[in-house]
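Engineer: Letter by letter, the sequence shown follows residues 909 to 1435 of my numbering. Where is the CB? At the ideal position from N, CA and C, for every residue including glycine.
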Amino acid sequence: MAMLVRRLRGAVGATDLQCIGTSATLAGPGTKAEQRQQVAALATKIFGTTITPSNVIGESLRRATDGEFDIAALTARLTQPVPTAWEQLHRDPLAVWVETKFGLAQDDEGKLARQSPRRLSTAVTELNQLTGVAEEICREQLRNLLLTGSKVRDPGGRPLFAFKLHQFIGKGDTVYTTLNPPASRYLTTQYQRSAPEEPLGRPLFPLAFCRECGQDFLVVNRDKGGEKFSPRPLNDTRGEQAEATGLLYLCDGDWPSATDPALLDRIPDDWVIVDGATRTFDKGRATRLPTAYRVDQFGTVVDEGDGLPVAFFERLDFCPSCKTSYESSQQSEFSRVSSLGTEGRASAVTVLTQSVVRTLRNQTDLDDDARKLLAFTDNRQDASLQSGHFNDFVLVGLVRSALYRAAQKQHERTPEEPLTDDDLGGAIFDALGGDLTHFARDPVTAHEAIAAKRIKSTLRDVLSYRVWADLKRGWRITMPNLEQTGQLRLTYFGLDGVAADETKWAGAAAPLSAAEPATRVELMHVL
Ligand SMILES: [Zn+2]
């Protein structure tokens, strides 16, 4: 802008160009006089001509209410309903108090200035302490007054109070716990180094949860010497004191040794070698087993028989609760376990946005053009990521709900005949509903016979593709598909017949050839 001003001045040969600038955010801290000085110095630099502090104009405010603050009148007013006409409301004792608390303050030159934002709850407490009227009544009265004040117009047509309400929504965090049995442990979502309860000094460990079943693990470092476990932030590399990072699983009893048959009930089935009636642990996976420890509530390793039995996983190669195997070395800790706050900000904003939009649609007392949601962010990548996320969420939601309804409808009509690949696209198309004009490139001709036929056929193909792409396990870790959540079952046509056909299985190896048809169906289904 500074260059533009200079070029303009040169181009028109102006010797006495008048520069006028506006800004809402230029002034820094300090007194009013200091602020004018700063703004003038900056404007001089930008415009290339001297701007004196006396030429800097701020805003001037005037009171909207009329009257002096009076405790007795205020206390009496809190038992009355709020006046709804401007004539009474702008002299209302509560309105006068609200304007001095929320609206106006005095600057160092004795002029009216904007009050810094305040919490509604703080104002409720203040009003309660001032008047002795119960907090609930104070809150209700304040709420009614602000709402009424935003609707009531003064003779000039302006609302008495135009207020903005901010609601802060914090990001989900981690759960922290002490090293105690689940029934008696201390849990909190507020980060602290140690638990505030007796005995003092017990460290708080972050909890991580199995992505498949939700089993909880304590996120730890094993300190040098192997005699103590200390807390570690999830997905963090080990600190200097640590000799290994990992997860602690709290056991009911001591974690079984590699030769103990009890181990077989805790590991994935394919880690067990079955030979006739005997089942043994696959020794090749010995390094994937956790190490058994006994620890006290401070994380120190103690002797057998004392403390709490735990199993220490340096890498969580399987979950002892759901027996899911996480053997792939590609997988990071993040893809095996998550903390309570892992599900990202984009998902949270999307869900909140959807909820706000849905609520707005039902707000009949708002004008149409007031029913909108604006979102702001401080960088472009964020904005594009968020809008992309929202579009994807809506798309996935529409396709999945249509698929679900199509499957349910089919089941109600003909329980014996599930949907097949052939009729899937059409069934989802019907369940999706909506008008052809929503999907057509040219909405005007969408309902003409030929166009309609083509649109329908294309839409059926696109829908089938979307459904299959979604049912393939993808990158949507936080949005598992309908099969993963157990709301939909996919199977193969003719599987029962193949499973029951003994001649086909006669040449197969031992467990398969002798298996029950039902077992074979289950196996083929999983594979
Ligand atoms: Zn699990």
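1) Can you list, in chain order, the stretches of the beta strand (DSSP E) that have 3 or more residues and sit fully within the segment 1010–1044?
2) Which residues in the same chain as Asn-1052 place their Cβ atom closer than 7 angstroms to its Cβ, once the five residues preceding and following it in sequence are excluded?
3) In the DSSP assignment, find the beta strand (DSSP E) that holds Ser-1138 and state where it starts and stops.
4) So, helix, strand or coil for Ile-954, using DSSP?
5) Could you tell me the alpha carbon to alpha carbon distance between Leu-1020 and Ala-1003, rounded to whole angstroms?
6) Figure out for me which residue from Leu-1142, Phe-955, Leu-934 and Gln-926 has the closest Cα to the Cα of Met-911.
7) With distance defined between alpha-carbon atoms, name the residue in Val-947, Leu-916, Thr-923 and Gln-943 nearest to Gly-929.
8) For Ala-1407 versus Met-1432, is the C-beta distance shorter than 8 angstroms?
9) Going by DSSP, what residue range makes up the alpha helix (DSSP H) through Leu-1371?
10) Can you list the residues near ligand 1, meaning Cβ strictly closer than 5 angstroms to any non-hydrogen atom, in the order they appear in the chain?
11) Determine the closest residue to Gly-1402 out of Pro-1425, Ala-1414 and Pro-1419, with distance taken between C-alpha atoms.
12) According to DSSP, is Thr-1411 helix, strand or coil?
13) Who are the Cβ neighbours of Thr-1353 in its own chain at under 7 angstroms, not counting the five residues just before and after it?
14) Cβ atoms of Leu-1303 and Val-1340: under 8 angstroms apart, would you say?
15) Among residues of its own chain, excluding the 5 on either side of Asp-1081, which ones have a beta-carbon nearer than 6 angstroms to its beta-carbon?
16) Exposed or buried, what is Gln-1014 when buried is set at 16 or more other beta-carbons lying within 10 Å of its beta-carbon?
17) Tell me which residue opens and which closes the beta strand (DSSP E) that Tyr-1201 is part of.
18) Please report the straight-line C-alpha distance between Thr-1258 and Gly-1252, rounded to a whole angstrom.
19) Are there 16 or more other CB atoms within 10 angstroms of the CB of Val-1434, so buried, or fewer, so exposed?
20) Could you tell me the boundaries of the beta strand (DSSP E) in which Glu-1151 lies?
21) Quick one: is Pro-1419 near chain C, going by C-beta distance under 8 angstroms?
22) Around the C-beta of Ser-1092, are 16 or more other C-beta atoms found within 10 angstroms, so that it is buried, or is it exposed?
23) Less than 6 angstroms between C-beta atoms, sequence neighbours within five positions excluded: which residues of the same chain meet that for Thr-1030?
24) Does the distance from the C-beta atom of Val-1203 to that of Phe-1137 stay below 8 angstroms?
25) By the three-class DSSP mapping on this structure, what secondary structure does Phe-1337 have?
26) Whole-angstrom Cβ separation of Arg-1130 and Phe-1242, contact assumed at under 8 angstroms?
27) Judging by CA-CA distance, which residue of Leu-1095, Pro-1090, Gly-1134 and Val-1083 is the nearest neighbour of Ala-1116?
28) Would you give the residue range spanned by the beta strand (DSSP E) that Pro-1425 belongs to?
29) Can you name the start and end residues of the beta strand (DSSP E) that Ala-1116 belongs to?
30) Which residue's Cα is closest to the Cα of Asp-1190: Arg-1384, Lys-1412 and Leu-1172?
31) Take Leu-969 as the anchor and find which of Pro-1228, Ala-1256, Trp-994 and Gln-1023 has the nearest alpha-carbon.
32) Which same chain residues end up closer than 7 angstroms to Val-964 when comparing Cβ atoms and leaving out the 5 residues on each side of it in sequence?
33) Quick one: what does DSSP say Ile-979 is sitting in, helix, strand or coil?
34) For Trp-1163, which residues in the same chain have their Cβ closer than 7 angstroms to its Cβ, ignoring the five residues on either side in sequence?
35) Starting from Ala-919, follow the alpha helix (DSSP H) in both directions and report where the run begins and ends.
Structural biologist: With the structure as the only source:
1) 1012–1014 and 1020–1022
2) Val-990
3) 1137–1139
4) helix
5) 17 angstroms
6) Phe-955
7) Val-947
8) yes
9) 1357–1379
10) Cys-1118, Glu-1120, Cys-1121, Gln-1123, Cys-1227, Ser-1229 and Cys-1230
11) Pro-1425
12) helix
13) Ala-1359
14) In the sequence under discussion, the amino acid at residue 1340 is Leu, which differs from the Val named in the question. Going by C-beta atoms, Leu-1340 is not nearer than 8 angstroms to Leu-1303.
15) Thr-1097 and Gly-1249
16) exposed
17) 1199–1203
18) 10 angstroms
19) exposed
20) 1150–1158
21) Chain labels in this structure do not include chain C; a single protein chain is all it has.
22) exposed
23) none
24) yes
25) helix
26) With a Cβ gap of about 20 angstroms, Arg-1130 and Phe-1242 do not count as contacting.
27) Val-1083
28) Looking at the DSSP string, Pro-1425 is not in any beta strand (DSSP E); the run it does join, the alpha helix (DSSP H), is 1425–1434.
29) 1113–1118
30) Leu-1172
31) Gln-1023
32) Arg-944, Val-947 and Ala-948
33) helix
34) Pro-1198, Ala-1200, Pro-1217 and Ala-1219
35) 910–920
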